[in-house]
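Residue numbers (numbering that gives the first Met the number 0), protein chains in the order written: chain A, 0 to 286; chain B, 0 to 345.
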Amino acid sequence: MTTSVSTSTRRPKRKRKPRVVANTIAVVFCLVWVFPIYWMVNTAFKPADEVTTLTPIWAPLHPTLENFTRALTQDGFLVYLRNSAIVVVAAVLLSIVVGFLASAALSRFRFRGRRAILVAILFVQMIPSGALLIPLFLSFQSLGLLNSYIGLILAYVASVLPFSIWVMRGFFVAVPAEIEEAAKMDGAGTFRILWSVLFPLVMPGVIATSVFAFIAAWNDYLTAYVMLKDQGMYTLPVWLAGFSTNKGTDFGGLMAASVLFSIPVVVFFLIVQRRLVSGMTAGAVKG
Amino acid sequence: MTSTAPRVTEADRADRAQEPSVTRRAGGAGRLRPTGSGPRGGRGPGRRSVSASRAPLVLLAPAALLLLALVVYPLVRLVVISFQDYGLRAIFTGQAGFAGLTNYTNVLTDASFWPVILRTVLVTGAMVVGTIVIGMAVSQLLTRLGVVMRTVVSVVLVLAWAMPNVASSLVWQWLFQPFYGVLNWLITQLRVFGDHTQDNWASSPGQAITIVLTLVIWQAVPFVALTLYAAQSQIAPEYYEAGALDGASAWAMYRAITLPALVPTLLLVTILSVIWDFNVFNQIWLLTKGGPEDTTLTLGIWTFVKSFVSNAYGQGAAIAVISTLILGALTSYYIRRLVRSGEEDL
């Protein structure tokens, strides 16, 4: 609310002109920035003969769902969707449950080594994602975990867990100590307090963190590309990235598949967008 | 809806930063945080505080196990591998001989090494500068808009931000497709640059880097713009009112009031952008695979190619170690600040 107040107190003094200029710039900016997304959706709804034209067709003349049905039915889309869903949900659940407990320990208790652990968790987030992949790949190779759900789940936990601990800790820290003290006075034990008192309070934070974790794992291409060899094990990004080379120039199908793949992420983004900025910055900076 | 979105941050963070120092005084190993002053003080170390001191260990144990196995051990192994002769043979036999510094000397004397380093730094720099400059402009723009327009811009930003980068890379391929790419057509229509309808952007050095940069910047601007806007909306309007009374121009007020207030946030988004852009992989790999003629070959791509295309895991690991050190050097200021702030309130 502060902004609307501040802008309205400031604005009457300005003339009309700056708002016109600002609005014009904003419209141009929006057109430029939304265009790639528009063009993806636009192409996805076009019949084949309107996709590859020498002069662009700005909106589908004969809108069709054939690209979507082709993407959904032809190529094992549902298999890749299932692979993605299994791996991502398992990795997120594991990271969130384990991370929840750890972030509780790191925020509601004081003990020796706590600060060192926190600094280490921060440091881990600065390591290039590709760097961990080499040793993980080689270890999983000798353990027979390549090309398996478990291997990919563990690889995602490696990247998502430190981040989840850090972000959830920020939400824990925001809960006033008095609430916990009151529960303690009533005779509740440590785990009782954690489950019945703290968990409901940090629930929104846990949900937001889960969504971040989901998006990170859902979007991963590199790890899955390296770890998965059988096409039957592919996750959606790996399949999608190979789509253009497999299908030549079926850009209608490719754009339809991109739309389908992006929808869950966009929906989740819109749900948690209030917490997006704070969550992302908290993820890499002190809470 | 988005208009109310991002401005929680700064206040939130300030609150949280305050918090722990209050509880710090409570001290005491392994106690529940609200040690308080009164009733607890006289109790002494009874049975309960013993069980409480075990609680954090129990809570931490699963995460510690996973992180030790999946992060700490692999990191150690990465360094070990970088000193080993680890190729395809090692994969099949499970035996890798000690190679001393061979991997590092091989990498350092590779004709690609210095060009790759230089390119990575330059490309990262271009991405970061482009993102920050546009992000600052958009953030300033947001403060000048009415509610409706601001919401529209925010929604557009969130959409661009939300696109999975695999999907946006494919969209970029399509936008710049020879003959059918809509941007090839548009650029040609401008009649300034000549006929570009048949260009295959990924196969010409200057154009390949252009599509990579535009894609990364397009996707990175929303986070920077929204974060800066959140910080900007925290600046008290009185400053601007005073400035307006003194007859200061908009530019003067931006420099004297807005910029100084934005410095901490700018620093933060710059460092985060450096970390993220330094590690860009998907967009480059999907658009150009590091080509043509290595003109988009960055450290991340080179690590991948050495390890997973050439199966020279030892050299790949050496490059990964070097990349980590370079990124560490680039962000050392930030890390130092973090650790220092860690001393205060972690």
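Just so it is clear, CB atoms sit at the ideal spot from N, CA and C, and this is done for glycine as well.
Just so you know, these numbers come straight off a predicted model, no measurement behind them.
When the options are compared against residue i, the one with the closest alpha-carbon
i: B:Leu212; options: B:Trp284, B:Ala249, B:Ala316; result: B:Trp284
i: B:Ser138; options: A:Met254, A:Phe28, A:Ile262; result: A:Phe28
i: B:Thr119; options: B:Val308, B:Thr294, B:Gln314, B:Lys305; result: B:Thr294
i: A:Val237; options: B:Leu227, B:Asp245, B:Ala207, B:Ala166; result: B:Ala166
i: B:Ala207; options: B:Gly129, B:Val122, B:Ile274; result: B:Val122
i: A:Ala47; options: A:Arg113, A:Ile262, A:Phe250, A:Ser147; result: A:Phe250
i: A:Gly75; options: A:Leu239, A:Ile262, A:Val264, A:Ile270; result: A:Leu239
i: A:Thr52; options: B:Trp173, B:Leu324, B:Pro55; result: B:Trp173
i: B:Gly315; options: B:Arg53, B:Arg76, B:Ala60; result: B:Arg76
i: B:Val152; options: A:Ala25, A:Phe139, A:Met125; result: A:Ala25
i: A:Met39; options: B:Val128, B:Leu326, B:Val181, B:Gly290; result: B:Val181
i: A:Val201; options: A:Leu145, A:Pro127, A:Val96, A:Val31; result: A:Val96
i: B:Ile270; options: B:Gln233, B:Ala311, B:Thr330; result: B:Thr330
i: A:Thr63; options: A:Leu77, A:Phe44, A:Gln73; result: A:Phe44
i: B:Leu267; options: B:Ile334, B:Pro236, B:Ala247; result: B:Ile334
i: A:Gly112; options: B:Arg149, B:Ala63, B:Gly242; result: B:Ala63
i: A:Tyr37; options: B:Ala159, B:Pro263, B:Ala235; result: B:Ala159
i: B:Ile225; options: B:Leu66, B:Ala136, B:Asn102; result: A small correction: the amino acid at residue 225 of chain B is Leu; Ile does not occupy that position in the sequence shown. For B:Leu225, the nearest C-alpha among the options comes from B:Ala136.
i: A:Leu77; options: A:Val205, A:Val266, A:Ile270, A:Gln230; result: A:Gln230
i: B:Ser52; options: A:Pro203, A:Arg109, A:Ala90; result: A:Arg109
i: B:Thr323; options: A:Tyr148, A:Asn66, A:Ser128; result: A:Ser128
i: A:Val88; options: A:Glu177, A:Tyr148, A:Phe67, A:Gln140; result: A:Tyr148
i: B:Leu56; options: A:Ala21, A:Leu197, A:Thr248, A:Phe190; result: A:Phe190
i: B:Val128; options: B:Leu265, B:Gly93, B:Glu292, B:Leu87; result: B:Leu265
i: A:Gly204; options: A:Met125, A:Asp185, A:Ile270; result: A:Ile270
i: A:Met125; options: A:Phe162, A:Val31, A:Asn66; result: A:Phe162
Sequence-distant residues of its chain with Cβ nearer than 6 Å to residue i (five each side left out)
i: A:Phe268; result: none
i: B:Pro73; result: none
i: B:Ile186; result: Phe192, His195
i: B:Ser306; result: Tyr312, Gly315
i: B:Ile325; result: none
i: A:Thr23; result: none
Identified DSSP bridge partners for residue i
i: B:Asp84; result: B:Gly96
Contact check, residue i vs residue j, beta carbons under 7 Å
i: A:Pro199; j: B:Trp184; result: no
i: A:Leu93; j: A:Val156; result: yes
i: B:Val157; j: A:Gln272; result: yes
i: B:Val155; j: A:Val33; result: yes
i: B:Leu58; j: A:Ala115; result: no
i: A:Val123; j: B:Val70; result: yes
i: A:Gly188; j: A:Ala70; result: no
i: B:Val223; j: B:Gly134; result: yes
i: A:Phe242; j: A:Ala223; result: no
i: B:Pro163; j: A:Val264; result: yes
i: A:Val225; j: A:Ile152; result: no
i: B:Trp301; j: B:Val115; result: yes
i: B:Thr130; j: B:Gln231; result: no
i: A:Leu235; j: A:Phe260; result: yes
i: A:Thr68; j: A:Met254; result: no
i: A:Ala84; j: B:Leu144; result: no
i: A:Phe139; j: A:Gly150; result: yes
Cβ neighbours of residue i in the same chain (closer than 7 Å, five flanking residues each side left out)
i: A:Tyr233; result: Tyr79, Asn82, Leu227
i: B:Trp171; result: Ile210, Leu214, Leu286
i: A:Leu117; result: Leu105
i: B:Tyr239; result: Met252, Ile256
i: B:Ser168; result: Leu214, Asn281, Gln282, Leu285, Leu286
i: B:Ala28; result: At B:Ala28 the pLDDT is 38, less than 50, meaning the model places this residue with poor confidence and gives no usable figure here.
Residues near residue i by beta carbon distance below 8 Å, same chain, minus five either side
i: B:Met126; result: Leu212, Val215, Ile216, Ala219, Ser272, Asp276, Val279
i: B:Gln197; result: Pro177, Phe178, Asn183
i: A:Ile192; result: Glu179, Ala182, Lys183
i: A:Ile164; result: Gly98, Ala101, Ser102, Leu105, Ile120
i: B:Gly290; result: Ala201, Ser202, Ala207, Leu296
i: B:Ile274; result: Leu326, Thr330
i: B:Leu100; result: Phe82
i: B:Ala243; result: Met252
* Asked: Using 8 Å as the threshold, is the segment 258–268 of chain B in touch with the segment 91–111 of chain B, meaning 3 or more CB pairs across them?
  -> At 8 Å Cβ cutoff, the stretches do not touch.
* Between the segment 128–140 of chain A and the segment 317–336 of chain B, are three or more C-beta pairs nearer than 8 Å? -> Because the criterion of three Cβ pairs below 8 Å is met, the segment 128–140 of chain A and the segment 317–336 of chain B touch.
* Counting Cβ pairs closer than 8 Å, one from the segment 208–227 of chain A and one from the segment 80–89 of chain B, do we hit at least three? -> No contact exists between the segment 208–227 of chain A and the segment 80–89 of chain B.
* **Three CB pairs or more closer than 8 Å across the segment 54–72 of chain A and the segment 190–209 of chain A** => Fewer than three beta-carbon pairs drawn from the segment 54–72 of chain A and the segment 190–209 of chain A are found closer than 8 Å, and the two stretches are therefore not classed as touching.
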